[in-house]
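A short write-up of the structure that comes next.
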Amino acid sequence: MPLSIRIISNPSNESVTQWNHAFPEEGGNIGRAYGAILQLSDASREVSGIHAIIRKTSRGYQIADNSTNGLFINGFDMPLGKGNQTTLSDGDVLDIGGYRLLVSCFLPDHAKVRSGEECLNSSSFGEDPFSRQPEPSVETIPEVQTEPDCTMATRDIVDDDPFLSAGTMKKMKHEHFELDFPTSDEDPLRCNELQASLNLRNEAMFSSFVQQDISATPKSAQLAMVEIQKHEQFLQECSDKALEIALTRLLSELSPDAIESMFNDLSGSRFWPRKRKYWCMYKRYFTRQIENRDWQVKFKTYFHDAIRLQRNLEEGR
Numbered sequence: 001m002p003l004s005i006r007i008i009s010n011p012s013n014e015s016v017t018q019w020n021h022a023f024p025e026e027g028g029n030i031g032r033a034y035g036a037i038l039q040l041s042d043a044s045r046e047v048s049g050i051h052a053i054i055r056k057t058s059r060g061y062q063i064a065d066n067s068t069n070g071l072f073i074n075g076f077d078m079p080l081g082k083g084n085q086t087t088l089s090d091g092d093v094l095d096i097g098g099y100r101l102l103v104s105c106f107l108p109d110h111a112k113v114r115s116g117e118e119c120l121n122s123s124s125f126g127e128d129p130f131s132r133q134p135e136p137s138v139e140t141i142p143e144v145q146t147e148p149d150c151t152m153a154t155r156d157i158v159d160d161d162p163f164l165s166a167g168t169m170k171k172m173k174h175e176h177f178e179l180d181f182p183t184s185d186e187d188p189l190r191c192n193e194l195q196a197s198l199n200l201r202n203e204a205m206f207s208s209f210v211q212q213d214i215s216a217t218p219k220s221a222q223l224a225m226v227e228i229q230k231h232e233q234f235l236q237e238c239s240d241k242a243l244e245i246a247l248t249r250l251l252s253e254l255s256p257d258a259i260e261s262m263f264n265d266l267s268g269s270r271f272w273p274r275k276r277k278y279w280c281m282y283k284r285y286f287t288r289q290i291e292n293r294d295w296q297v298k299f300k301t302y303f304h305d306a307i308r309l310q311r312n313l314e315e316g317r
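Okay, so the sequence shown: first residue is 1 according to UniProt numbering, each after it adds one.
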């Protein structure tokens with residue numbers, strides 16, 4: 001199946017009997033007219049008779065816009081334009097009126113299997129450097145330098161720390177105490193008192209140094225951290241809101257009223273009315289939706305729509 005298109009979203013007032021449509025290899029057309037490969041019923045007449053035309057070319061599948069209201073691809077705000085065409089890729093999303101279509105295309109001509117001999121002769125990494133024989137080379141022995149590469153300075157070249165302020169440097173320099181006493185007995189300051197005063201001075205110097213480092217922290221970094229936290233909080237709020245919107249849309253499609261009306265349309269009216277087996281119909285419907293992953297695709301599409309809507313509202317402020 002080279003080309004197939006799945007309906008992942010439809011107008012609320014239109015019922016869909018077949019969600020997945022297989023196209024011929026040469027392509028086909030999409031529209032409201034009878035006889036189209038993918039016929040989309042539309043009472044509001046937003047979908048043209050031949051809305052889009054798909055053709056197979058040497059470069060792949062090309063889709064041309066033949067509509068009045070426009071063909072929108074991958075959620076772009078601007079339509080493709082009547083008479084214009086573009087390349088159709090696997091995974092593209094087409095917006096036609098109130099319908100949303102998912103494209104699945106595969107070209108077997110572009111996927112050719114090479115033989116084992118071709119794989120051995122040609123490598124995707126280029127020429128093998130280990131397949132060539134190494135050439136003998138003569139290495140020259142460098143001359144030994146008799147003089148040393150480095151010299152020792154005769155003076156001290158370690159300067160003060162340039163990152164410390166002048167006030168801090170003055171405080172960190174130890175003052176010279178001149179104690180002109182012949183003996184320790186004549187010293188009016190005892191050893192314990194001198195040690196206590198030195199400890200207090202060191203603690204004061206350390207506390208002032210820490211306070212200067214804290215105050216020297218650039219405010220721009222703090223503001224940047226605040227902005228990053230606000231941005232992360234905004235993204236989390238947008239994601240939560242988008243999940244809620246997507247889940248609400250999906251649950252509205254799974255409501256009993258919507259499913260019952262769809263089952264009534266599928267079963268049709270009979271001459272001898274009898275009680276419909278909704279439970280059996282729902283089990284078959286549920287199994288088919290799980291196998292085709294229709295609900296997962298719809299939820300992902302609704303989530304991206306909600307994210308894009310919030311982004312547009314934020315840019316419009």
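Heads up, the beta-carbon is just placed ideally off N, CA and C, and yes, glycines get one too.
Inter-residue Cα distance where the pair is residue i and residue j
i	j	result
D65	C280	42 Å
D95	I73	6 Å
V113	K56	Since pLDDT at V113 reaches only 48, below the 50 mark, its modelled position is unreliable, and no value is offered.
S67	A224	49 Å
R293	N312	29 Å
G83	I50	12 Å
E244	D305	12 Å
G316	K300	25 Å
Y282	Q296	18 Å
G35	N264	25 Å
L247	M78	27 Å
F23	S255	32 Å
S124	Q62	Residue placement at S124 is poorly supported in this model, since its pLDDT is 47, which falls under 50; the coordinates are not used for a value here.
F234	Q222	19 Å
E237	S220	26 Å
S48	E314	33 Å
G27	S44	27 Å
L251	Q18	21 Å
P2	V226	52 Å
I307	I228	20 Å
I37	G91	19 Å
Q39	A258	22 Å
S239	E291	27 Å
E232	E25	47 Å
Residue i and residue j closer than 8 Å at C-beta
i	j	result
V93	G70	no
N29	I53	yes
residue 346	Q289	Since the first and last residues shown for the chain are 1 and 317, residue 346 lies out of range.
R249	Y285	no
R59	T87	yes
G97	E46	yes
S104	S4	yes
E253	Y278	no
Residues bridged to residue i (per DSSP)
i	result
R6	N20 and L102
Q39	G31
D257	Beta-bridge pairing links D257 to no other residue.
V93	L102
I290	In the DSSP output, where bridge partners are listed per residue, I290 has none listed.
K56	Y61
Q85	A64
F72	D95
For residue j and residue i, believed in contact at Cβ under 8 Å, the rounded distance
i	j	result
L101	R32	That belief does not hold up - the Cβ atoms of L101 and R32 are roughly 14 Å apart, past 8 Å.
Y99	N13	With a Cβ gap of about 12 Å, Y99 and N13 do not count as contacting.
S15	M262	6 Å
K298	I8	6 Å
Residue i Cβ short of 7 Å to the ligand COA heavy atom set
i	result
L250	For the ligand COA, the structure offers nothing, since it holds no ligand at all.
Contact with chain C by residue i, beta-carbon distance below 8 Å
i	result
N20	Absent from the structure: chain C. Only one protein chain is present.
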